[in-house]
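J.: Here full-length UniProt numbering is used: position 401 in the sequence shown is 401, and no number is missing along the way. Okay, handing you the structure first.
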Amino acid sequence: MATTSISISIPILTIWAIWILLCGKCLDNALQQLVVAASGSSHALQLKQAKALQETGWWPSTTHAQASSNYSSACHWDGITCNADGSITTIDRFYQGLGGQLIKLNFSFFPNLVSLNLSMNFLTGCIPLEIGMLKNLVYLRLSYNMLVGSIPSTLGHLINLEYLDLGGNQINGSIPLEIWMLKNLTSLYLSSNMLVGPIPSTLGHLINLEYLDFSQNQINGSIPLEIGMLKNLTLLYLSSNMLVGPIPSTLGHLINLEYLVLRQNKINGSIPPEIEMLKDLSYLNLSQNFISGEIPSALGMIAPLYTLDLSYNNLTGNIPSSLTGIHRLNLSHNSLEGQIPDGYALYHTSHTLNGNKDLCGQFKIFPPCPKGKKSIITEIETFVPISIFLGFLFIGGGIFLSRYMFKKNQIESRGSKNGNIFSIWNYDGHIAYEDIIEATEDFDIRYCIGTGGYGSVYRAKLPSGNVVALKKLHQREAENLGFYKSFINEVRVLTEIRHRNIVKLHGFCVHKGCKFLIYEYMERGSLFCVLRNVDEAMELDWSKRVNIIKGTAHALSYMHHECIPTIVHRDISSNNILLNSEFQGFISDFGTAKLLDPDSSNQTLVAGTYGYIAPEFAYTMTVTEKCNVYSFGVVALEVLMGSHPRELLSSLSSSSSSSSQNMMLNEILDQRLLPPNRLIGQEILLIATIAFACLHTQPKSRPTMKCVSQEFLFCRKLNVIPLTTVSLPQLRKHASYMAGSGFTYC
Numbered sequence: 001m002a003t004t005s006i007s008i009s010i011p012i013l014t015i016w017a018i019w020i021l022l023c024g025k026c027l028d029n030a031l032q033q034l035v036v037a038a039s040g041s042s043h044a045l046q047l048k049q050a051k052a053l054q055e056t057g058w059w060p061s062t063t064h065a066q067a068s069s070n071y072s073s074a075c076h077w078d079g080i081t082c083n084a085d086g087s088i089t090t091i092d093r094f095y096q097g098l099g100g101q102l103i104k105l106n107f108s109f110f111p112n113l114v115s116l117n118l119s120m121n122f123l124t125g126c127i128p129l130e131i132g133m134l135k136n137l138v139y140l141r142l143s144y145n146m147l148v149g150s151i152p153s154t155l156g157h158l159i160n161l162e163y164l165d166l167g168g169n170q171i172n173g174s175i176p177l178e179i180w181m182l183k184n185l186t187s188l189y190l191s192s193n194m195l196v197g198p199i200p201s202t203l204g205h206l207i208n209l210e211y212l213d214f215s216q217n218q219i220n221g222s223i224p225l226e227i228g229m230l231k232n233l234t235l236l237y238l239s240s241n242m243l244v245g246p247i248p249s250t251l252g253h254l255i256n257l258e259y260l261v262l263r264q265n266k267i268n269g270s271i272p273p274e275i276e277m278l279k280d281l282s283y284l285n286l287s288q289n290f291i292s293g294e295i296p297s298a299l300g301m302i303a304p305l306y307t308l309d310l311s312y313n314n315l316t317g318n319i320p321s322s323l324t325g326i327h328r329l330n331l332s333h334n335s336l337e338g339q340i341p342d343g344y345a346l347y348h349t350s351h352t353l354n355g356n357k358d359l360c361g362q363f364k365i366f367p368p369c370p371k372g373k374k375s376i377i378t379e380i381e382t383f384v385p386i387s388i389f390l391g392f393l394f395i396g397g398g399i400f401l402s403r404y405m406f407k408k409n410q411i412e413s414r415g416s417k418n419g420n421i422f423s424i425w426n427y428d429g430h431i432a433y434e435d436i437i438e439a440t441e442d443f444d445i446r447y448c449i450g451t452g453g454y455g456s457v458y459r460a461k462l463p464s465g466n467v468v469a470l471k472k473l474h475q476r477e478a479e480n481l482g483f484y485k486s487f488i489n490e491v492r493v494l495t496e497i498r499h500r501n502i503v504k505l506h507g508f509c510v511h512k513g514c515k516f517l518i519y520e521y522m523e524r525g526s527l528f529c530v531l532r533n534v535d536e537a538m539e540l541d542w543s544k545r546v547n548i549i550k551g552t553a554h555a556l557s558y559m560h561h562e563c564i565p566t567i568v569h570r571d572i573s574s575n576n577i578l579l580n581s582e583f584q585g586f587i588s589d590f591g592t593a594k595l596l597d598p599d600s601s602n603q604t605l606v607a608g609t610y611g612y613i614a615p616e617f618a619y620t621m622t623v624t625e626k627c628n629v630y631s632f633g634v635v636a637l638e639v640l641m642g643s644h645p646r647e648l649l650s651s652l653s654s655s656s657s658s659s660s661q662n663m664m665l666n667e668i669l670d671q672r673l674l675p676p677n678r679l680i681g682q683e684i685l686l687i688a689t690i691a692f693a694c695l696h697t698q699p700k701s702r703p704t705m706k707c708v709s710q711e712f713l714f715c716r717k718l719n720v721i722p723l724t725t726v727s728l729p730q731l732r733k734h735a736s737y738m739a740g741s742g743f744t745y746c
């Protein structure tokens, strides 16, 4: 029986083995067929994608011819990126002047598209419903075109979307309710359109949102309470709409908020006390509304708060003393009353309080306070005439001038046999003339650290241990009326302004024919010298350079738009930007600065440094803010390039082609530094673009410094564009667009 069993089982095993082999062969064939099919499908998709791109007309005809023979080459087209399977994941045609309509692009052929950037391309027509087919899309930017119609509800299908920018179009209708479905959204920009209707309460579901900009539309209704659910929000920009009702107390829940701008709406009610919970807030603008009640003193306790604008409202009560230390403050055109807080005039000018008729003290435009309420600080003139300075020149043995218009007995009571340098901006202590002479060994050349426009600069360590910089007129210049006027002019300007990026004036002296200014000491010296020293230039990394450029822009914006009258420096150059030990930049040397009189022609002699002077100034002899704008553009490029951009400027003014005109942005950057990382690279791209806009030959086509400053303050997260792909002609083209209408925050 056993033998029989074995003989029977052998054929069965053989049959089983043969069957497995046959099945394996079939399986291999099936897998091979699947691979072939997949390969064919992938190739078919590549062909469809290339054809779809070709039909838009957004790529040159030479590219089309190449595609006819090899459709997979679409992966190598400008602005196209593919995955390992050859499927397109990125379409980036940022500012290419494409024209046409979005409907020309067949969205159904791009199932793996992750990023689509068609900003600044003069696109017309509506946003097609089919855009909702891009289910894997993470980044969508269609800003600054001429798109019309409403926002399609199908955008709600893009559940992976993190960045959505439709700003700067002519889109109308309301914000679609379906937008709440975009749970991964971190950035939402719908500014500068014609949107109407209320802000949907469902917006509160977008809990990952960091940047929200609905400004410059016609949005109405109240700010929804649900906006307080956006705990990750850092920027909320709802200005220039038709919003009504009070500011919701739930805004106090936005603990990460840094920028809150509700300017130019119809908001009423009082400023909610919950706003003091915004401990990271650095910029708050509630101007041009109908806000009433008193200003919460807690606003002044928000440490990072740099800018507070409450102008053109119906605010009442006293000015909280806690506000005086806020750097940029505007309380004008309200119904504030009572005594202006002590110390207010140290940081702010009278125009920040214009239109508050019931205030008293400190400024000449307001009446003195009643007895018993007189301010500790004596009345200050907005701009002190030179004649008043000269009237004090020979009081006591040596006469020192101060920012404030001290009465004669005040000056005499504080004088000494050598004269005192009176405290300016709380600079500590009185410094005798003898101390200055001793610290510099009678201005010995060993202490000389440089020369300015009309004198030498010395380093002096005072008995207190403080180190200051002394700018002393040369003897010959001191006796020259023209140079003396420059000296007085620098005093006038610097005693009227205060900005974190403008060098601080501690004091000034006229004594026995010796005239000098006392500044805070800048350890690194001038930007010009740092850029020309290899070691220091390499220490001045990209991040520091970006901050220097931004700081200079903010300071110029302050001088042009927050000082009355406007101050034009007239000699903005790398020589006149000083750096402290941390490489922070400060504008200096105001000897040639001019206070613009709006009722005069503002004609003057040519002043400035060759290579930085705006071309029109040399022949019109007319001073305008746009002269500084041009100089800023030169300095910005100089900081990026590491040297003065002479050849580049020459090529801009020449119609002939030059080598620099065909260069890429990364090629003109300072080669002593390693290439910037992607994040800093985008800031450099923005700076370079703005710099070219500032260098426009027509002054009226240049942006204002306020526009430039605002662009830097509210810099959006830009699409990551490799600097190796950006050419100088592209930059110039983009700059022309920005100069025309592309500055977001003007």
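Every residue gets a Cβ at the ideal spot worked out from N, C-alpha and C, and that includes glycine. Just so you know, these numbers come straight off a predicted model, no measurement behind them.
Can you tell me whether DSSP reads D435 as helix, strand or coil?
T.: Counting from 1 along the sequence shown, the entry for residue 435 is found at position 435. Looking at D435 - three-state DSSP - the assignment turns out to be helix.
J.: When we look at the beta-carbon of H499 and count the other beta-carbons within 10 Å, is it buried (16 or more) or exposed?
T.: Translated into positions along the sequence shown, residue 499 becomes position 499. Counting Cβ neighbours within 10 Å, H499 comes out buried, since at least 16 surround it.
J.: Using the Cβ count rule (16 or more neighbours within 10 Å means buried), how would you classify K626?
T.: Taking the first residue of the sequence shown as position 1, residue 626 is located at position 626. By the 10 Å Cβ count, K626 comes out buried.
J.: Restricting to Cα atoms, I'd like to know which of A688, L353, L147, V568 is closest to T324.
T.: Position 324 of the sequence shown, counting from 1, holds the residue named residue 324. Answer by Cα proximity: L353.
J.: What number of angstroms, rounded off, separates the C-alpha of L188 from the C-alpha of Y163?
T.: Sequence index remark: in the sequence shown, residue 188 carries index 188 (1-based). Sequence index remark: in the sequence shown, residue 163 carries index 163 (1-based). Whole-angstrom Cα-Cα distance: 6 Å.
J.: Grouping DSSP H, G and I as helix and E and B as strand, with all else coil, what is E162?
T.: As a first step, residue 162 must be located in the sequence shown, where it is residue number 162. In the structure shown, E162 sits in coil (DSSP, three-state: anything other than H, G, I, E or B).
J.: Within the same chain, show all residues whose beta-carbon is closer than 6 Å to that of G269, passing over the 5 residues directly before and after it, in chain order.
T.: Here residue 269 refers to the residue found at position 269 of the sequence shown. Here the set comprises P246.
J.: Compute the Euclidean distance between the alpha carbons of residue 780 and S87, then round it to the nearest angstrom.
T.: Absent from the model: residue 780. The displayed extent of the chain is 1 to 746, so no value can be given.
J.: For L336 and I302, which I take to be in contact (beta-carbon distance under 8 Å), what is that distance rounded to the nearest angstrom?
T.: Working through the sequence shown from its first residue, we reach residue 336 at position 336. Working through the sequence shown from its first residue, we reach residue 302 at position 302. With 8 Å as the limit, L336 and I302 do not qualify as a contact, their Cβ atoms being about 20 Å apart.
J.: Go ahead and pull the three-state DSSP assignment for F214.
T.: Residue mapping note: residue 214 aligns to position 214 of the sequence shown, counting from 1. Here F214 sits in coil by DSSP.
J.: Measuring only the C-alpha atoms, how far is C514 from I365?
T.: For this step, residue 514 is matched to residue 514 along the sequence shown. For this step, residue 365 is matched to residue 365 along the sequence shown. Distance between the alpha carbons of C514 and I365: 35 Å.
J.: Determine the direct distance from the alpha carbon of L579 to that of G585, and round the result to whole angstroms.
T.: Here residue 585 corresponds to residue number 585 of the sequence shown, with the count starting at 1. Here residue 579 corresponds to residue number 579 of the sequence shown, with the count starting at 1. Spanning the two alpha carbons is a distance of roughly 5 Å.
J.: What are the partner residues of V148, as DSSP defines its beta bridges?
T.: Along the sequence shown, one-based indexing puts residue 148 at 148. The partner list for V148 (beta bridge, DSSP) reads C126.
J.: Apply the 10 Å Cβ neighbour rule to Y610 and answer buried if 16 or more other Cβ atoms are within range, or exposed otherwise.
T.: Start at 1 with the first residue of the sequence shown, and residue 610 comes out as number 610. That one is exposed.
J.: Which value, in whole angstroms, describes the spacing of the CA atoms of S631 and I587?
T.: Locating residue 631 in the sequence shown gives position 631, where the first residue counts as 1. Locating residue 587 in the sequence shown gives position 587, where the first residue counts as 1. C-alpha separation (whole angstroms): 13 Å.
J.: Indicate the three-state DSSP secondary structure (helix, strand or coil) for G507 in the structure shown.
T.: On the sequence shown, position 507 is the one that residue 507 refers to. Reduced to three states, the DSSP call for G507 is strand.
J.: To the nearest angstrom, how far is the alpha carbon of G99 from that of N208?
T.: Indexing the sequence shown from 1 puts residue 99 at position 99. Indexing the sequence shown from 1 puts residue 208 at position 208. C-alpha separation (whole angstroms): 34 Å.
J.: Taking just the CA atoms, how far does G633 sit from L713?
T.: Taking the sequence shown and counting its residues from 1, the one referred to as residue 713 is at position 713. Taking the sequence shown and counting its residues from 1, the one referred to as residue 633 is at position 633. Whole-angstrom Cα-Cα distance: 17 Å.
J.: Going along the chain, which unbroken runs of the beta strand (DSSP E) with 3 or more residues stay wholly within the region 197 to 273?
T.: Segments of the beta strand (DSSP E) lying fully in the region 197 to 273: 211 to 213, 220 to 222, 235 to 237, 242 to 245, 259 to 261.
J.: When burial is assigned at 16 or more other CB atoms within 10 Å of the CB, is I159 buried or exposed?
T.: Translated into the one-based positions of the sequence shown, residue 159 becomes position 159. By the 10 Å Cβ count, I159 comes out exposed.
J.: Using the C-alpha atoms, what's the distance from K504 back to D92?
T.: Residue 92 sits at position 92 when you count from the first residue of the sequence shown. Residue 504 sits at position 504 when you count from the first residue of the sequence shown. For D92 and K504, the distance between alpha carbons rounds to 46 Å.
J.: Go through the region 271 to 359 residue by residue and report every complete run of the beta strand (DSSP E) that reaches 3 residues or more, in order.
T.: Runs found: 283 to 285, 292 to 294, 307 to 309, 314 to 317, 328 to 330, 335 to 339.
J.: Out of L190, N169, I151, which has the shortest C-alpha to C-alpha gap to E178?
T.: Along the sequence shown, one-based indexing puts residue 178 at 178. Closest option to E178, Cα to Cα, is I151.
J.: Considering A691, what are the terminal residues of the beta strand (DSSP E) in which it resides?
T.: On the sequence shown, position 691 is the one that residue 691 refers to. A691 -> not in any beta strand (DSSP E); alpha helix (DSSP H) instead, spanning 678 to 694.
J.: Under the criterion of a Cβ to heavy atom distance below 6 Å, does K515 qualify as lining the ligand GTP?
T.: Of the ligands one can find in the structure shown there are none, so the ligand GTP has no counterpart to examine.
J.: Check this for me: beta carbons of H253 and G228, under 7 Å apart or not?
T.: Start at 1 with the first residue of the sequence shown, and residue 253 comes out as number 253. Start at 1 with the first residue of the sequence shown, and residue 228 comes out as number 228. Result yes, Cβ atoms of H253 and G228 sit closer than 7 Å.
J.: Determine the closest residue to E112 out of T81, Y95, A345, with distance taken between C-alpha atoms.
T.: Here residue 112 corresponds to residue number 112 of the sequence shown, with the count starting at 1. Glu is not the amino acid found at residue 112; the sequence shown has Asn there. Of the listed residues, the one whose Cα sits closest to N112 is T81.
J.: Starting from G132, follow the beta strand (DSSP E) in both directions and report where the run begins and ends.
T.: On the sequence shown, position 132 is the one that residue 132 refers to. Per DSSP, G132 belongs to no beta strand (DSSP E) and is neither H nor E.
J.: The alpha helix (DSSP H) with G633 in it runs from where to where?
T.: Counted from its first residue, the sequence shown places residue 633 at position 633. Run containing G633: 625 to 641, per the alpha helix (DSSP H) assignment.
J.: I'd like to check one pair, T689 with residue 770: are the Cβ atoms closer than 7 Å?
T.: The chain is shown only over 1 to 746; residue 770 falls outside these bounds and no answer can be derived.
J.: May I ask you to report which of helix, strand or coil DSSP gives E536?
T.: Your numbering for residue 536 matches position 536 in the sequence shown. It is helical.
J.: Could you give the C-beta distance for S727 and M664, rounded to a whole number, given that I count them as a contact under 8 Å?
T.: Along the sequence shown, one-based indexing puts residue 727 at 727. Along the sequence shown, one-based indexing puts residue 664 at 664. Right, their Cβ atoms sit about 5 Å apart.
J.: So what does DSSP say about N547, is it helix, strand or coil?
T.: Along the sequence shown, one-based indexing puts residue 547 at 547. DSSP places N547 in helix when its eight states are reduced to three.
J.: Mind checking whether A555 and I497 have CB atoms under 7 Å apart?
T.: Within the sequence shown, the letter at position 555 stands for residue 555. Within the sequence shown, the letter at position 497 stands for residue 497. No, Cβ-Cβ distance for A555 and I497 is not below 7 Å.
J.: Is it the case that the region 565 to 576 contacts the region 695 to 709, given that we only count it when at least three CB pairs across the two stretches are under 8 Å?
T.: Because the criterion of three Cβ pairs below 8 Å is not met, the region 695 to 709 and the region 565 to 576 do not touch.
J.: Strictly by DSSP, which residues pair up with R141?
T.: Along the sequence shown, one-based indexing puts residue 141 at 141. Per DSSP, N117, D165.
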